[in-house]
Amino acid sequence: MTVAFLSGTRRRATAAVAVVGAGLLTLTACEKPTPVATLTIGTESVNTEAACYNDGKPLAKDVYDACMKETGKTLEVDPDLPLRIGVDPAIAENGWVLGVEGSLSNEAEESKKTYQSVNSRAFFPPGGQDKLRLQVVEVKNQQPVGVWQFQLKKKG
1 MTVAFLSGTR RRATAAVAVV GAGLLTLTAC EKPTPVATLT IGTESVNTEA
51 ACYNDGKPLA KDVYDACMKE TGKTLEVDPD LPLRIGVDPA IAENGWVLGV
101 EGSLSNEAEE SKKTYQSVNS RAFFPPGGQD KLRLQVVEVK NQQPVGVWQF
151 QLKKKG
């Protein structure tokens, strides 16, 4: 019985092709990073990639609704300090609004700025709750295309 063996050179070439192919397959399985949103209060900040993102295309209603119920990274908030919101230029280009507890206010104004400062006391009125979910929602043609989730927790 005769068994055909590959020469050493061919074996190495075949192995190299297999490794390169596996590497390319791994890279194609990776999602590309989404734009980032950041919240800062005082010297503390948190940033996150999108909880839901459709690369600039509108999110399906069921995906958007489920995403608005998620909880993101937590930032402790001193109500006496302003809350600063920063977004990637890619988010600002389309426009974005803030959501609170999964709802967008009818009065929410769309911003095309990469940075905005808001009064954090508005989120924590006296006698109100001590934590809440805050969303940065990227909109394009009045349709949500991305959601970034945060949780604010009142200090003290």
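Residue numbering for the sequence shown follows my numbering, beginning at 1 and increasing consecutively. Ideal Cβ placement from N, Cα and C applies to all residues, glycine included. All values derive from a computational prediction rather than experimental measurement.
| Check | Outcome |
| --- | --- |
| Neighbour-count burial assignment, Asp130, 16 or more Cβ in a 10 Å radius | exposed |
| Close beta carbons around Thr114, own chain, < 7 Å, minus the five adjacent residues each side | Gly86, Val87, Pro89 and Ala92 |
| Buried or exposed (CB count within 10 angstroms, at least 16 for buried), Gly21 | Residue placement at Gly21 is flagged as unreliable, the pLDDT there being 48, under the threshold of 50; the coordinate-derived value follows with that caveat. Its Cβ having fewer than 16 others within 10 Å, Gly21 is exposed. |
| Three-state class that DSSP yields for Lys154 in the structure shown | strand |
| Straight-line gap, Val33 to Gly127 (C-alpha atoms, nearest Å) | For the sequence presented, residue 33 should be read as Pro rather than Val. So the alpha carbons of these two residues sit roughly 40 Å apart. |
| Asp80 to Val46 span [Cα, whole Å] | 19 Å |
| Same chain, Cβ closer than 7 Å to Gln143, five either side skipped, listed in chain order | Pro58 |
| CB contact flag (Leu39, Phe150, <8 Å) | yes |
| Contacting residues, own chain, Cβ-Cβ under 8 Å from Ser117 (five flanking each side not counted) | Pro82, Leu83, Arg84 and Ile85 |
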